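For the sequence shown, position 17 matches number 18 in our numbering, and the numbering has no gaps at all.
Down below is the structure, laid out as structure tokens.
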Amino acid sequence: PVLTCHSGQACPESGYWKVIWPFGRTVMAKEVIRHFKQGETFPPQIVKRYVLRTWPMQDKTTLDEERVEWGLLG
Numbered sequence: 002p003v004l005t006c007h008s009g010q011a012c013p014e015s016g017y018w019k020v021i022w023p024f025g026r027t028v029m030a031k032e033v034i035r036h037f038k039q040g041e042t043f044p045p046q047i048v049k050r051y052v053l054r055t056w057p058m059q060d061k062t063t064l065d066e067e068r069v070e071w072g073l074l075g
């Protein structure tokens, strides 16, 4: 099992951590991997989404800061 934490929580173990995007979530983001030291706070991420809208409205892209889940890689 992968050790996981969320944005705003303290890192329980030093190492490389990766954002775990929820299954089925459509986000326009690159893979996010960062090194954290024990005790550092996991940050939120800027999430970019492309939103399809019905005619006559134009599609739009949104940028929002969101809490995310982080998983320890090693």
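From the three backbone atoms N, C-alpha and C, an ideal C-beta is built for every residue, glycine too.
Computed from a prediction, not measured in an experiment: that's the story for all the values here.
Item: Gly16 to Thr55, Cα distance in whole Å?; Value: 44 angstroms
Item: Ends of the beta strand (DSSP E) at Leu73?; Value: 70-73
Item: Identify the residues that DSSP records as bridge partners of Gly16: which are they?; Value: Phe37
Item: Taking 8 angstroms as the limit between beta carbons, can you name the residues of its chain near Thr62, skipping five residues before and five after?; Value: Met29, Lys49, Arg50, Tyr51, Val52
Item: Please say whether Glu70 and Thr21 have beta carbons closer to each other than 7 angstroms?; Value: Rather than Thr, the amino acid found at residue 21 in this sequence is Ile. Taking 7 angstroms as the Cβ cut-off, Ile21 and Glu70 qualify as a contacting pair.
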